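Colleague:
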Amino acid sequence: GQQASETELPYLAPEVMMGGAPDARADVFTIAVLAYQLVSGRVPFTAGSLPQLIGQMLQHPPDPPEGLPTAVQSALFTALDSTPTRRFQTAVEFQRALA
13 GQQASETELP
23 YLAPEVMMGG
33 APDARADVFT
43 IAVLAYQLVS
53 GRVPFTAGSL
63 PQLIGQMLQH
73 PPDPPEGLPT
83 AVQSALFTAL
93 DSTPTRRFQT
103 AVEFQRALA
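Numbering of the sequence shown is given in the numbering used here, commencing with residue 13 and proceeding in unit increments.
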């Protein structure tokens, strides 16, 4: 039993972990997790098990990283949204929001 936070699971969109087909919005989520980790030094979601990790992703937005401009923080949280339809539809949309 590895903890869910010790694998690639924190980088996967919650809908993919629940059996959904990956798409561009799931890729946006993964890119946002990586971006969050780069600016904060930690992944936005950690948990001891897969069900806890999915629950955290669905119910608790991560703490905002310190020192980010408001527009960047807003784009990051849009890309990390647990609902795919509320995320950026493509990585290009996410990139434009960060520019």
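The C-beta atom is built at its ideal place from N, Cα and C for all residues, glycine as well. Fair warning: this is a prediction, and the values are worked out from it, not measured in the lab.
What are the boundary residues of the alpha helix (DSSP H) that includes residue 123?
Modeller: The shown model of the chain, from 13 to 111, leaves out residue 123, and the question about it has no answer.
Colleague: In chain order, what residues of the same chain have a beta carbon less than 6 Å from the beta carbon of residue 12, not counting five sequence neighbours either side?
Modeller: As displayed, the chain neither begins before 13 nor continues past 111, which places residue 12 out of reach and without an answer.
Colleague: What three-state label does DSSP hand residue 102 in the structure shown?
Modeller: One-based indexing of the sequence shown puts residue 102 at position 90. Three-state DSSP puts residue 102 in coil, outside helix and strand.
Colleague: Can you tell me whether residue 67 is helix, strand or coil according to DSSP?
Modeller: As a working mapping, residue 67 is identified with position 55 in the sequence shown. If DSSP states are grouped into helix, strand and coil, residue 67 belongs with the helices.
Colleague: Suppose you measure from the CA of residue 97 to the CA of residue 46; what does that come to, to the nearest Å?
Modeller: Your numbering for residue 97 matches position 85 in the sequence shown. Your numbering for residue 46 matches position 34 in the sequence shown. Cα to Cα, residue 97 sits roughly 20 Å from residue 46.
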